[in-house]
Amino acid sequence: MRILERKTLAEFLKNCLGDSELIAPVEIEGRLYFQQLDPEQQLAELAWPAAAAKAVSREHGESPGATSAPDPLTVNSIKEFFFPRRQELYEQRPDGIIPRDAADGKRRLLLFARACDTRGLTILDRVFLGVTEDESYGRARNETTIVGLHCLQPDRHCFCTSLDGGPFGTEGMDLALTPLEDERFLAQGISDKGKALLATLGGKQAGEGEQEEAEQLRKAAEGAIRRAIRVPDQQTMDARFDSPYWKEVSRACLTCGICSYLCPTCHCFDIVDEGYLRLRCWDTCSSDTFTRMAAGEDHRRLKHSRYRQRIYHKFSYFKENFDTHACVGCGRCTRWCPVKTDIVEIVNGIGETAAAGRPSGNESASGRPVKAGAKSTAAKSTGRGARR
Amino acid sequence: MTPVRIYTPFAARVRELRVETKDVKTLRLVFEEEKVAETFAFEPGQFVELSVAGEGEATFCLASSPQEKGYLECSVKRVGLVTEAIHRLDPDALVGLRGPYGNSFPLQRMEGRDLIFVAGGIGLAALRSLIKVVLAGRGKFGSILILYGARSVEDLVYREELEKWRSLKGLKTVLTVDPGGESPGWKGEIGFVPAVLERLNPGRRNSTVITCGPPIMIRYVLAALDKMGFDPQEVITTLEMKMKCGLGHCGRCNVGPLYVCKDGPVFTYARIREFVEQII
Amino acid sequence: MSGSTGTVKKTGEAKAPVKKLKIVGFLCNWCSYAGADLAGVSRMQYPDEIRIIRVPCSGRINPLLVLKCFQQGADGVLVSGCHPGDCHYQEGNLYARRRMLVLRSMLSYFGIDERRFHMSWVSASEGKKWADTVRSLVEDVRAAEVEAQAGVPVW
Amino acid sequence: MAAAVRKTAADLLAKTAVDLVIGYGRSSGGEIVPEFVSRPEQAQALEWNQDCTYNLVRYLTDPEVVGDAGAGKGSGNAASKSATASKAGVGKVAIVVKGCDLKSLVVLESENQVQRERLTVIGMPCRGVTDQAGKLLAKCEECPPDVYNPRRELCDLVIGEPVQRTGDGPTDKSAARKAEKNDPSGQSSPYGDVEQIDALKPVERRALWDGYFARCLRCYACRNVCPLCYCKECVFDQHDPRWVSPAAAVASNRSFHLIRAYHLAGRCVDCGECERVCPVGIPLRRINRKAAKVVEESFRFRAGLDPQAKSPLVTFATEDPQEFIE
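Protein chains in written order, with the working numbering: chain A, 1 to 388; chain B, 1001 to 1280; chain C, 2001 to 2155; chain D, 3001 to 3326.
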């Protein structure tokens, strides 16, 4: 572990970047997005990364997310740089088939990914690098170096700690940075690639004090997470499959694709034609055309069956097939849901026997409004801005 | 650089477009590259993704026998965009073909057993490959019953072959059409496949049932077999579902922990029993 | 169709290779198509950079058809129908008028040069008007091409 | 107010005047969510406050929520597809609406998409709703009194007294009255945001919108949240022909947004839900409002005022402008 100061961080990043492309969070109209940067943005970013600045400028002691700053989490997850929204596969002309390249072969540096997002990649790995390897995904994985940034500002939708993750997780990162006081970062090599990179850096070795500081920050960040998902065991999941519960909880669902498209682990896609070009693009199981066959057969015609599919795929089928839930607790699906469909509440409510009404979630055993709700009501009375 | 290999199809040429019924055609396809033709191997029950330039890709089971070398056959019912395009193809047109995907019928386990094939409509296409292999190794299997039904006499596919099979010894072929679908001189049965199956009441001892057809037929056939006391382990079906990738990635054909494309399409009734409601 | 050279000569300018435009014209069967036919029969000269699609009525034109043309690489689109009052179906062209007005505004709003999208009334007897319409359309599209940002496709 | 909503809902359900009340509730995460109440005792879950942004009218055309209660008289397609859902047996529905939501209901009614007689419309005088930071939404800042106090003649019930908002002057009222008469003349332009963009050069407009469209994920939240996007088979879901590629890219996204706006031209009531839900911050109201501006200026029509009115793009006037036609 090493300590990087403002200057050494900038130099280090320049070193890492070399002739790679740079992907980093960018703020646009008050929201953060992961984007591939153009050369001009790159220079600015490398001099003193905006996201790093955001991470270190927080005021300790203030309740997380309680500023007017944009959500600390990017709107999009990093999955699109490995599993693009639109990917050209090949051209099929009436007189022949013209293959496309799987990747452009460029090295890429992905800066300041959160632990939830990088853990999401390890979940996608199980699908795309499993029995049949998706070469383009594999290439993108190999060609990308991921520098993670630990999260000091989980917000009210985060629940990563209840899914084997945490704001200070390192799964899926090559290198992890912890923002300390005074514009310093604790850098930790995670993968072999990351360790090798770190070795190229002079910087000073981290002392005990700094490690202790990081440890305190970790505790504070984890403590700031207010929500916890409690996934019922397979038996309960199986037993509740046909419950009227699913109609109840999916009633407000608009069957749009926000939850799937922003999710770091959702990976359903479609294969479509644009003229003679065949390509693959994101798709969502909530769409009413997802499973509809040409002759009209559709085994998930009603929206509750599609919503249930999303939940079961994440919390039952994926677990059965890959021994992990396909959810990292980033909270994007709830945060951006047009009608605030609450995945924690819904999953926690699966096992409840109460037949009707909204599930109470795990925060309280006795109906609602419950803890988080009560908290936000309290926050409201002192000023609505504080809710954020 | 590596091409996106897993999705890039092999080029194949249409050698024959046989009209089976008013909305079913059987394509005979030959790979353009000899190397591909030599290495492409499949088992009865597997499927391919067939694509037409500018129209799209769709899933079809291989209806020819792996023992017939040099070509592949798929039977295509005209129902949507891609199947329409296939029906419009010129003889000698170029199509894309990738695969084979999915599992296959457990041929070894069927050896020594009496086989009951129950098919409806275009569903016979999914069993044709297996039937051909079984007939080629006739000695290894017990008695064979083929029960095949369609909406009407005109909707029966593979009529020449059915005639041929009918003339074979130790093989019983029963054809049926839905009530109202018979034509003058129809000598077969009249009635829905599950009902005819119950009437025939084939022995369940040492029998394996292989069934494919429209979802509604499969559902009632499975129910009938349940009633007749067949062992769900010895009831095998092959499922159709919306598929895109064929690799267990795209999520469309996911039902329960299963992906029909990679864990299927061939399943024993025992395996899918708990999901039947969701599938068919 | 009687084609000319496809280039519009501008006096005094050095001759540069001019891109051949691809313009799609949707012409109603009863007036505009007949008008274009008349122009051809009368051997009127006009640019050959328009490809004509005959439709039953300008009221048949779904804005999606226009977008599809642009998506597929058309440099310009023309919708042409009967003069108000002359519609074979009484009022199809009057519906079209409203629709194309809104469509044109939206195209323009999204930064698609509105000179790329024209609408005209051409009757069966107006062979000359047809030729003039195509000429001015081609000129307009060419002017839009000049102002367009290099490397940015029409759609 | 919340208490009044609960009581009203409980009464309606107890009297079996309605089978379902669509209102606002709260999730265990503390968020305001749509709430569907079908028993009097559940009415306690209803909420009313400044976080109640959703336009619940959206649910009136969802057969899986309202059964066939929403299905319009003439809408054969809606009825056929809702066959399964209508088994739920929902008959009469009460719905909590703000004045701005009410306008979209007016359009649905004019397009025969709801059976008005099976609806109980509960109007809410509204002080404006806020975003997550507690800031009044832009649409609320522009909202005239005859909208934030829902028009009584269009509601079955109105909860509480009309609200007064600071800054309301007598001129606002007369302006609103004029608007109601479909006479936009004599007003300072209500479309300043659109005019800003109109004033740009084509290449600038192109760059502006393409910047936004590059981010569009084609999640279709804007379409799905729209109370007026009720088509059973949306043109963007059609496979044959495939008008617009579903793959997110600037060109196909531009087609999507153009057609979406076009299909809403003369129908959109500017409830702003599309813009609110867009995860990537596309200013969708500025697109819809452009179409509204064109319709208003060219055809003298504003959507959402008259349940008997015909949508301007399914009709015409002989004197319609045609300066753009050669």
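For every residue, glycine included, the Cβ atom is placed at its ideal position computed from N, Cα and C.
Only His3239 and Asp3240 from the segment 3215–3240 of chain D bring a Cβ to less than 9 Å from some Cβ of chain B. Pairing glycine 2127(C) with leucine 2038(C) gives a Cβ-Cβ distance under 7 Å. Here DSSP, grouped into helix, strand and coil, assigns valine 75(A) to coil.
Counted as a single uninterrupted DSSP element, the alpha helix (DSSP H) harbouring alanine 196(A) occupies residues 192–199. The beta carbon of isoleucine 3287(D) is closer than 7 Å to those of His3257 and Ala3261 in its chain, skipping five residues each way along the sequence. Chain order gives the chain C residues near serine 3298(D) as Arg2098, Leu2101, Val2102 and Ser2105, where near means a beta carbon separation below 9 Å.
The Cβ atoms of arginine 93(A) and tyrosine 276(A) sit closer than 7 Å to each other. Under the DSSP definition of a beta bridge, histidine 2088(C) lacks any partner.
Close to phenylalanine 2110(C), with beta-carbon spacing below 8 Å, are these residues of chain D in chain order: Arg3205, Arg3206, Trp3209, Arg3254, His3257 and Leu3258. The shortest C-alpha to C-alpha distance from leucine 3056(D) to any of Gly3030(D), Gly3067(D), Gly3023(D) and Ile3032(D) is the one to Gly3023(D). Taking 7 Å as the cut-off, the beta carbon of isoleucine 1210(B) is found no closer than this to the beta carbon of phenylalanine 1275(B). With a minimum length of 3 residues, the unbroken runs of beta strand (DSSP E) contained wholly in the segment 1166–1228 of chain B fall at 1171–1177 and 1207–1212. For threonine 3120(D), no chain C residue has a Cβ inside 7 Å of its Cβ, as the nearest lies near 35 Å away. Listed in chain order, the positions of the segment 1006–1023 of chain B with a beta carbon within less than 9 Å of a beta carbon of chain A are Ile1006, Tyr1007, Thr1008, Pro1009, Phe1010 and Ala1011. Its chain contains Val339 and Thr341 as the residues whose beta carbon lies nearer than 8 Å to that of alanine 252(A), once the 5 sequence neighbours on both sides are disregarded; these appear in chain order. Contacts with chain C at 7 Å (Cβ-Cβ) do not include leucine 3264(D). Note: aspartate 1114(B) is bridge-paired with Ser1207(B) in the DSSP secondary-structure output.
DSSP places valine 147(A) in the uninterrupted beta strand (DSSP E) bounded by 144–149. Proline 1009(B) places its beta carbon 7 Å or farther from that of leucine 1072(B).
Under the 8 Å Cβ criterion, the segment 273–288 of chain A does not count as touching the segment 324–336 of chain A, having fewer than three qualifying pairs.
In the three-state reduction of the DSSP assignment, tyrosine 1158(B) falls in the coil class. Think of a sphere of 7 Å around the beta carbon of isoleucine 3197(D): the chain C residues whose beta carbon falls inside it are Tyr2109, in chain order.
With fewer than three CB-CB distances shorter than 8 Å, the segment 1033–1045 of chain B does not count as touching the segment 1079–1096 of chain B. One finds nothing in chain D with a Cβ atom closer than 8 Å to the Cβ of aspartate 117(A); even the nearest lies about 16 Å away. Arg292(A) is the residue among Ala206(A), Arg292(A) and Gly257(A) whose C-alpha sits nearest the C-alpha of histidine 3239(D). Against chain D, the beta carbon of leucine 1247(B) has no neighbour under 9 Å; the closest one sits roughly 19 Å away. The C-beta of alanine 326(A) comes no closer than 7 Å to any C-beta of chain D.
In the DSSP assignment, lysine 319(A) falls within the unbroken alpha helix (DSSP H) covering 318–322. The bridge partners DSSP lists for tyrosine 1148(B) are Ala1119(B) and Leu1175(B). The Cβ atoms of threonine 265(A) and glycine 120(A) sit closer than 7 Å to each other. Only exposed fits arginine 1109(B), as fewer than 16 other CB atoms lie within 10 angstroms of its CB.
Among the residues facing chain D, aspartate 2140(C) is not included, as its CB has no counterpart in that chain under 7 Å away. Per the Cβ contact rule, the segment 1057–1073 of chain B is in contact with the segment 1009–1026 of chain B (3 or more Cβ pairs under 8 Å).
Beta-bridge partners assigned by DSSP to glutamine 92(A): Ile97(A). In this structure, glutamine 153(A) lies near proline 72(A), with their beta-carbon atoms less than 7 Å apart. Judged by DSSP secondary structure, aspartate 3193(D) falls outside any beta strand (DSSP E) and instead within the alpha helix (DSSP H) spanning 3192–3198.
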